[in-house]
Amino acid sequence: MIRQATLDEIKTIVELKIRMFEEAGIKHYLKAHAESSVYDKYCEMYRNFLGIHFVMEEEGRIVACAGAFLKSDIPYCFYEPDQYGFIGDIYVMPEYRKRGFARRLTEETIGWLQACGVKTIRLLASPDGRHLYETMGFKPTHEMELKL
0 MIRQATLDEI
10 KTIVELKIRM
20 FEEAGIKHYL
30 KAHAESSVYD
40 KYCEMYRNFL
50 GIHFVMEEEG
60 RIVACAGAFL
70 KSDIPYCFYE
80 PDQYGFIGDI
90 YVMPEYRKRG
100 FARRLTEETI
110 GWLQACGVKT
120 IRLLASPDGR
130 HLYETMGFKP
140 THEMELKL
């Protein structure tokens with residue numbers, strides 16, 4: 000069953016996010032004690048209606064999640080509309096993969112962001128997730144990055 004996560008479930012969402020970072024081999028990018036910072040930020044975003052997570056529940060247990068966030072940074076804050084959507088934290092526990100959960104959760108986040116009035120949605124695609132997002136209409140952008 001897919002449903003909107005509650006404030007009380009943010010701790011579980013953060014745990015899944017950390018697992019995602021571990022599996023992707025990028026946990027070393029996180030600050031020390033990142034879990035508490037992420038928890039605090041998500042609570043703030045939920046309260047200000049700037050973020051939401053959808054979860055997939057199986058037998059009363061959260062087994063997958065996806066987050067939708069409203070962002071307004073430079074230069075997008077000068078555009079009309081001045082916010083864009085960002086989808087993140089798409090994670091499915093290994094034993095529940097290949098069941099369409101990521102697609103269904105991503106569709107929920109897209110619907111929420113559309114209802115918020117955004118015209119553009121961004122996400123960071125893992126190599127494993129890229130094909131899914133392409134089949135949903137996401138396109139690579141011209142954004143570039145320089146690591147220092």
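Residue numbers are given in numbering that gives the first Met the number 0: position 50 of the sequence shown equals residue 49, and the series is strictly consecutive. We put the beta carbon where it would ideally sit given N, CA and C, even for glycine.
Determine the direct distance from the alpha carbon of residue j to that of residue i, and round the result to whole angstroms.
i: residue 82; j: residue 111; result: 14 Å
i: residue 34; j: residue 41; result: 11 Å
i: residue 4; j: residue 104; result: 12 Å
i: residue 19; j: residue 12; result: 11 Å
i: residue 45; j: residue 146; result: 31 Å
i: residue 144; j: residue 28; result: 16 Å
i: residue 126; j: residue 137; result: 14 Å
i: residue 43; j: residue 129; result: 30 Å
For residue i, does the count of other Cβ atoms within 10 angstroms reach 16, so buried, or fall short, so exposed?
i: residue 114; result: exposed
i: residue 119; result: exposed
i: residue 107; result: buried
Please list, in chain order, all residues of the same chain as residue i whose beta carbon is under 7 Å from its beta carbon, the five residues on each side excluded.
i: residue 57; result: 95
Identify whether residue i lies in helix, strand or coil by the three-state DSSP scheme.
i: residue 27; result: helix
i: residue 122; result: strand
Determine, using beta carbons only, whether residue i comes closer than 9 Å to chain B.
i: residue 122; result: The chain labelled as chain B is not found in the depicted structure, where only one protein chain is given.
Query raised in the report: With a cut-off of 8 Å, do at least 3 Cβ pairs link the region 5-23 to the region 55-67?
Result: yes
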